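Below is one structure, written out as structure tokens; the observations come after it.
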Amino acid sequence: CLLPYPNQRNLWPNFQSPLLWDVFAIGTYMTVSVTFFFIGLIPDLATARDQATGWRRLFYGILSLGWRGSDREWRHYRSGYLFFAALATPLVVSVHSVVSWDFAMSIVPGWHSTIFAPYFVAGAIHSGLAMVITILLPLRRIFRLEAYLLPRHFENLAKLIIVTGLIVGYAYLVEFFLAWYSGNVYEHAVFLDRATGHYAPEFWIMVTFNAVLPLLFFIRRVRTSPAWLVGISLGITIGMWFERFVIIVASLAHSYIPFSWGLYRPTWVELSITAGSFAWFLFWFLLFAKFLPSVSMTEVKEQIPEEAG
Numbered sequence: 020c021l022l023p024y025p026n027q028r029n030l031w032p033n034f035q036s037p038l039l040w041d042v043f044a045i046g047t048y049m050t051v052s053v054t055f056f057f058i059g060l061i062p063d064l065a066t067a068r069d070q071a072t073g074w075r076r077l078f079y080g081i082l083s084l085g086w087r088g089s090d091r092e093w094r095h096y097r098s099g100y101l102f103f104a105a106l107a108t109p110l111v112v113s114v115h116s117v118v119s120w121d122f123a124m125s126i127v128p129g130w131h132s133t134i135f136a137p138y139f140v141a142g143a144i145h146s147g148l149a150m151v152i153t154i155l156l157p158l159r160r161i162f163r164l165e166a167y168l169l170p171r172h173f174e175n176l177a178k179l180i181i182v183t184g185l186i187v188g189y190a191y192l193v194e195f196f197l198a199w200y201s202g203n204v205y206e207h208a209v210f211l212d213r214a215t216g217h218y219a220p221e222f223w224i225m226v227t228f229n230a231v232l233p234l235l236f237f238i239r240r241v242r243t244s245p246a247w248l249v250g251i252s253l254g255i256t257i258g259m260w261f262e263r264f265v266i267i268v269a270s271l272a273h274s275y276i277p278f279s280w281g282l283y284r285p286t287w288v289e290l291s292i293t294a295g296s297f298a299w300f301l302f303w304f305l306l307f308a309k310f311l312p313s314v315s316m317t318e319v320k321e322q323i324p325e326e327a328g
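Everything in the sequence shown is counted per our numbering, starting at 20 for the first residue and increasing by one.
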């Protein structure tokens with residue numbers, strides 16, 4: 020299916036391309052996530068509006084959409100919040116599956132595999148949990164949120180990381196098994212090169228940080244220690260970055276034709292873009308932490324009667 024794309028380059032995008040699937044999948048996911056996130060903030064923004072003065076009062080007043088806390092508003096809030104929560108949950112699976120098909124639908128050795136969809140979904144949850152711990156523990160200390168972010172919350176996150184780490188480790192093993200079982204000499208060569216070739220250090224960092232390091236959370240003293248939690252979670256985040264590096268670079272560096280083989284070395288431009296991406300994320304995160312509630316006051320208030328009862 021080809022349709023004209025209205026621009027000066029006269030592009031005719033192919034709507035059967037996985038890259039175009041990404042546009043719709045990620046666009047839908049972003050829209051639903053931002054809406055879900057914003058709806059959850061509305062009661063807290065109204066509370067901040069009532070306590071603020073000057074331009075902050077105007078700022079929070081605009082974002083709170085005139086919230087007054089009536090019974091009708093609370094009923095609509097709960098039903099809308101529940102609806103978007105139910106909608107966002109399957110989108111996590113569908114979006115990361117579609118992203119994985121960018122690779123799986125190609126014929127590049129190391130990419131053309133049916134394991135990619137569950138592999139990417141588990142990896143996304145794995146890295147997401149690790150990033151939550153990496154960010155929340157320093158935030159808890161800086162903003163003195165110890166009364167709200169309890170040790171058991173982080174311990175439960177660590178237990179979930181054990182599960183996702185085992186799934187990711189299983190996916191690594193299945194990839195090698197499929198390469199061996201298929202009898203495809205090109206697949207054999209690519210995976211052997213990953214483990215023993217020029218990019219072997221990156222591969223073993225990926226395996227160690229993503230699949231082996233999380234096993235330390237089986238020890239209760241480790242998963243209840245803030246230092247260990249941050250260290251292991253940061254290691255998983257680094258390992259997941261190396262996973263993307265291995266998937267993309269190692270596979271393309273060792274494709275079908277030996278003439279096209281080569282080694283990738285990032286330039287200063289690429290390193291600058293990578294550093295800028297981290298800086299861009301931290302910039303917006305710190306702005307959010309400064310001007311918007313880091314802990315949902317509404318949900319904390321809802322938990323008080325339950326815990327008291």
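All C-beta atoms, glycine included, are put in the ideal place defined by N, C-alpha and C. Being a predicted model, the structure only gives us computed values, none of them experimental.
Give me the residue from ARG160, TYR275, ALA198 with the minimum Cα distance to ALA214.
Within the sequence shown, numbered from 1, the residue matching residue 214 stands at position 195. Here the closest residue by C-alpha is ALA198.
For the segment 50–118, list the alpha helix (DSSP H) runs that are entirely contained and at least 4 residues long, ordered along the chain.
Runs found: 73–82.
What number of angstroms, rounded off, separates the C-alpha of ASP90 from the C-alpha of GLY295?
Mapped onto the sequence shown, residue 90 falls at position 71. Mapped onto the sequence shown, residue 295 falls at position 276. C-alpha separation (whole angstroms): 45 angstroms.
Would you grab the beta carbon distance between ASP63 and SER315 for me? Rounded to a whole angstrom, and I think it's under 8 angstroms.
The sequence position of residue 63 within the sequence shown is 44, counting from 1. The sequence position of residue 315 within the sequence shown is 296, counting from 1. At roughly 6 angstroms, the Cβ-Cβ gap stays under 8 angstroms, so ASP63 and SER315 are in contact.
Quick one: what does DSSP say ASN33 is sitting in, helix, strand or coil?
On the sequence shown, residue 33 is found 14 positions in, with the first residue counted as 1. Correct three-state label for ASN33: strand.
Using the Cα positions of SER36 and VAL127, report the straight-line distance between them to the nearest angstrom.
Within the sequence shown, residue 36 is the residue found at index 17, counting from 1. Within the sequence shown, residue 127 is the residue found at index 108, counting from 1. Between SER36 and VAL127, the C-alpha separation is close to 16 angstroms.
Grab me the residues of PHE162's own chain with a C-beta within less than 7 angstroms of its C-beta, minus the 5 sequence neighbours each way, in chain order.
Taking the first residue of the sequence shown as 1, we reach residue 162 at position 143. Contacts found: SER313.
Can you give me the Cβ contacts of SER125 inside the same chain, cut-off strictly under 7 angstroms, excluding the 5 residues immediately before and after it?
What you label residue 125 is simply residue 106 of the sequence shown in a count that begins at 1. Around SER125: HIS131.
Expected contact under 8 angstroms - CB spacing of PHE210 and GLY129 to nearest Å:
Numbered from its first residue, the sequence shown carries residue 210 at position 191. Numbered from its first residue, the sequence shown carries residue 129 at position 110. Between GLY129 and PHE210 the Cβ distance is about 7 angstroms, and since that is below 8 angstroms, they are a contact.
Assuming LEU156 is part of the alpha helix (DSSP H), what are its boundary residues?
In the sequence shown, counting from the first residue as 1, residue 156 sits at position 137. Per DSSP, LEU156 belongs to the alpha helix (DSSP H) from 135–161.
Assumed close pair ILE251, PHE236 - CB separation to whole angstroms, cut-off 8 angstroms
The residue given as residue 251 occupies position 232 in the sequence shown. The residue given as residue 236 occupies position 217 in the sequence shown. That belief holds up - the Cβ atoms of ILE251 and PHE236 are roughly 7 angstroms apart, short of 8 angstroms.
Terminal residues of the continuous alpha helix (DSSP H) containing GLU206?
As a first step, residue 206 is located in the sequence shown; it is residue number 187 there, counting from the start. 204–215 is the extent of the alpha helix (DSSP H) around GLU206.
When the Cα atoms are used, what is the spatial distance from VAL226 to ILE267?
Counted from its first residue, the sequence shown places residue 226 at position 207. Counted from its first residue, the sequence shown places residue 267 at position 248. So the alpha carbons of these two residues sit roughly 16 angstroms apart.
Mind checking whether THR153 and LEU77 have CB atoms under 8 angstroms apart?
Taking the first residue of the sequence shown as position 1, residue 153 is located at position 134. Taking the first residue of the sequence shown as position 1, residue 77 is located at position 58. Not in contact: THR153 and LEU77 (Cβ atoms no closer than 8 angstroms).
Kindly list the residues whose CB is nearer than 6 angstroms to the CB of ALA71, restricted to its own chain and excluding five residues on each side of it in sequence; keep chain order.
The sequence position of residue 71 within the sequence shown is 52, counting from 1. Contacts found: TYR79.
Based on Cα-Cα distance, which residue from VAL319, GLU221, ASP212, PRO233 lies nearest to VAL182?
On the sequence shown, position 163 is the one that residue 182 refers to. Cα-wise, what sits closest to VAL182 is PRO233.
Nearest neighbour of MET259, chosen from TRP223, THR243, LEU179 [CA to CA]:
Counting from 1 along the sequence shown, the entry for residue 259 is found at position 240. Closest option to MET259, Cα to Cα, is TRP223.
If you reduce the DSSP assignment to three classes, tell me which class TYR189 lands in.
As a first step, residue 189 is located in the sequence shown; it is residue number 170 there, counting from the start. DSSP places TYR189 in helix when its eight states are reduced to three.
Sub-8 angstroms separation of VAL51 and LEU110 beta-carbons
Stepping through the sequence shown from its first residue, residue 51 is reached at position 32. Stepping through the sequence shown from its first residue, residue 110 is reached at position 91. Yes, Cβ-Cβ distance for VAL51 and LEU110 is below 8 angstroms.
Just reading off the alpha helix (DSSP H) that MET225 is part of, what are its end residues?
Residue 225 sits at position 206 when you count from the first residue of the sequence shown. Boundaries of the alpha helix (DSSP H) around MET225: 219–226.
Reference ARG242, options LEU169, ILE81, PHE307, closest by Cα:
Locating residue 242 in the sequence shown gives position 223, counting from the first residue. The shortest C-alpha separation from ARG242 is found at LEU169.
What's the C-alpha gap between HIS207 and PHE228?
Stepping through the sequence shown from its first residue, residue 207 is reached at position 188. Stepping through the sequence shown from its first residue, residue 228 is reached at position 209. Distance from the CA atom of HIS207 to the CA atom of PHE228, rounded to whole angstroms, is 24 angstroms.
Among ILE186, ILE323, TYR191, whose alpha-carbon lies nearest the alpha-carbon of HIS145?
Numbered from 1 along the sequence shown, position 126 holds the residue referred to as residue 145. When each option's Cα is compared against that of HIS145, the closest is ILE186.
Should ALA230 and GLY184 be called a contact, given that it needs their Cβ atoms to be closer than 8 angstroms?
As a first step, residue 230 is located in the sequence shown; it is residue number 211 there, counting from the start. As a first step, residue 184 is located in the sequence shown; it is residue number 165 there, counting from the start. A contact, by the Cβ cut-off of 8 angstroms.
Beta carbon of PHE139, beta carbon of SER113: below 8 angstroms?
Mapped onto the sequence shown, residue 139 falls at position 120. Mapped onto the sequence shown, residue 113 falls at position 94. Taking 8 angstroms as the Cβ cut-off, PHE139 and SER113 do not qualify as a contacting pair.
With a cut-off of 8 angstroms on the beta carbons, I'd call HIS273 and ASP212 a contact; round off their distance for me.
What you label residue 273 is simply residue 254 of the sequence shown in a count that begins at 1. What you label residue 212 is simply residue 193 of the sequence shown in a count that begins at 1. Confirmed, Cβ separation roughly 5 angstroms.
Would you mind sorting PHE310 into buried or exposed? The rule is 16 or more other CB atoms within 10 Å of its CB.
Counting from one through the sequence shown, the residue named residue 310 turns up at place 291. The residue is exposed, with fewer than 16 neighbouring Cβ atoms inside 10 Å.
Compute the distance between the beta-carbons of GLU221 and PHE278, then report whether it is under 8 angstroms.
On the sequence shown, position 202 is the one that residue 221 refers to. On the sequence shown, position 259 is the one that residue 278 refers to. No, these two residues do not count as a Cβ contact at 8 angstroms.
Which residue from TYR218, PHE56, GLY46 puts its Cα closest to that of TRP280?
By one-based count along the sequence shown, residue 280 stands at place 261. Looking at the Cα atoms, TYR218 is the closest of the given residues.
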